[in-house]
Amino acid sequence: MMKHSLTIYDDPVFYIQGLTSLLLQNEIFDAVLQYSSKKEFLENFRNKPTDFAILGSHQNGIHEIMDTIVDITGIYSNVKIIVIGNYFDLNDIRKLFEKGIQCYLDKDTNFDEFSEAMKMLKSNKIYVCNSAKERMVGYISHQNQNEHQNTESLTRREIEVMKLICEGHSSKIISEKLFISINTVESHRKKILMKLNVKNSIGIVKYAVENNMLE
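As structure tokens, this is what we get:
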């Protein structure tokens, strides 16, 4: 059976000592090293890199953690990195994975979920804690709701103009088809861009297709 070693870089000391004790007692790792100083952590990791590393956020902000990720992956590229964050923003979590982490956990993640996350990492999979996933679902739901509200806010005439834009017609042709002036068409076009939060006609077409508005 393959042995797994872990280095923890976090603070306060009593917290990482307690976590170390739990990990060893439950045989999740065979060896656990712990450091609360970045200098000491990096010096020892350089001399004896472990295949797993936990970076905590008790004394480290998101930018400090990202810098540390670069440091340790430069020493040992195969290290599996777990970040225990202070309810980091979803965009920051995405950036952490882009930097090279394999697991993100919020600081109140319970030990059962932590154990499950380690099993996933040992199987070469990634893991995001349940609370962060809930934030992600909430964010997506909110985005979808906003998109629905944007569609609802289009007037009947704006929808007519939008459909003609999607068919590739110029403002002149649209004005002739709807018996309105070119200036009025341009006014509708600007309002459509603003309401759908897109930059140009290509964005209008993409939005309309994705939201089944051309059927």
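Note that the sequence shown covers residues 12 to 226 in the working numbering.
Even for Gly, the Cβ is constructed at its ideal location relative to N, Cα and C.
These numbers were taken from a predicted model, which means no experiment stands behind them.
| Asked | Found |
| --- | --- |
| Just the C-alpha distance for residue 102 and residue 43, rounded to the nearest angstrom, thanks. | 30 Å |
| Expressed to the nearest angstrom, what Euclidean distance is found between the alpha-carbon atoms of residue 203 and residue 167? | 11 Å |
| Who are the near neighbours of residue 174 in its chain, counting only those whose CB is closer than 8 Å to its CB and skipping five residues on each side? | 219, 224, 225 |
| Can you give me the Cβ contacts of residue 91 inside the same chain, cut-off strictly under 8 Å, excluding the 5 residues immediately before and after it? | 62, 63, 64, 113, 114, 132 |
| What's the gap between the Cα of residue 172 and the Cα of residue 178? | 10 Å |
| Once DSSP output is grouped into helix, strand and coil, what is the label at residue 63? | strand |
| Compare the C-alpha of residue 57 against each of 39, 83, 36 and name the closest. | 83 |
| Within its chain, find whatever has a CB closer than 7 Å to the CB of residue 197; leave out the 5 residues flanking it on each side and keep chain order. | 182 |
| Considering only their Cβ atoms, is the gap separating residue 126 from residue 55 smaller than 8 Å? | no |
| Check for me: the alpha helix (DSSP H) holding residue 14 runs from which residue to which? | Unbroken run through residue 14: none, as it is neither H nor E. |
| Between which residues of its own chain and residue 129 is the CB-CB distance below 7 Å, once the five residues before and five after are set aside? | 39 |
| I'd like to check one pair, residue 94 with residue 66: are the Cβ atoms closer than 8 Å? | yes |
| Is the CB-CB distance between residue 97 and residue 118 below 8 Å? | yes |
| Are there 16 or more other CB atoms within 10 angstroms of the CB of residue 105, so buried, or fewer, so exposed? | exposed |
| DSSP on residue 78, reduced to helix/strand/coil? | helix |
| Would you mind reading off the limits of the alpha helix (DSSP H) that contains residue 133? | 122 to 133 |
| Could you tell me the boundaries of the alpha helix (DSSP H) in which residue 213 lies? | 212 to 221 |
| As a quick exercise: from 60, 70, 143, 136, pick the residue whose alpha carbon is nearest that of residue 47. | 70 |
| Taking just the CA atoms, how far does residue 18 sit from residue 51? | 12 Å |
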